[in-house]
Structures are given as structure tokens and as C-alpha cells.
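J.: Each number in our numbering comes from the position in the sequence shown (counting from 1) with 1179 added on. The beta-carbon is built from N, C-alpha and C at its ideal position, and this holds for glycine as well. Before I ask anything, let me first share the structure, which is written out below as C-alpha cells.
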Amino acid sequence: MENFKISRVHTKLGIFRLSGILNNESGIKNISYISAEYMGTDGWCELNLQSEHTQNLLRDIQIEVLQYLA
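What follows is the structure, given as C-alpha cells:
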């Protein structure tokens, strides 16, 4: 398990600031997010990690986040 903090990552769905834990047990990479923010028109907007919409959004950008962390 490895903690990570990304100050700015550009994805197909926008710009994000993320922190969490990267778990690579059994060769399967899994991300547990501690915080997630989206760059909106007025600056950083905190995302509710419990929200189904946020979970779907983070799932959609997971490959790009893993590539960034590689």
C-alpha cells in the first residue's frame, strides 16, 4: 500500500486534485480515495466521496489516474 497525493491531473472528464492509497496486492491495483476535488469555474470544488455520482466519476477516470501514478 502506498499513499499518494496528486496536486493536478488532467483527465477526459476534467482537472482533479486527488489523494488516497494505492493498493497493489496480488498484482491488482486498487485505489482508495481520501479526498477528491474537481476544478470548477470558481476554483477547487470538494467531491463527496460517499456520493454515487462521485464514485462513478472516479471509476471513469481510474485508468488515467493509474497511468499518472505509474
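1) Under a three-way DSSP split, which group does residue 1242 fall into?
2) Please report the distance separating the alpha-carbon of residue 1243 from that of residue 1190.
3) Under the rule that 16 or more other beta-carbon atoms within 10 Å means buried, what is residue 1249, buried or exposed?
4) Enumerate in chain order the residues of its own chain whose CB-to-CB distance from residue 1228 is below 7 Å, with the five nearest sequence positions on each side excluded.
5) By Cβ distance, which residues of its chain are closer than 6 Å to residue 1225, with the 5 residues on each side in sequence left out?
6) Would you check if the distance between the CB atom of residue 1181 and the CB atom of residue 1201 is smaller than 7 Å?
T.: From the atom records:
1) helix
2) 7 Å
3) exposed
4) 1212 and 1215
5) 1216
6) yes
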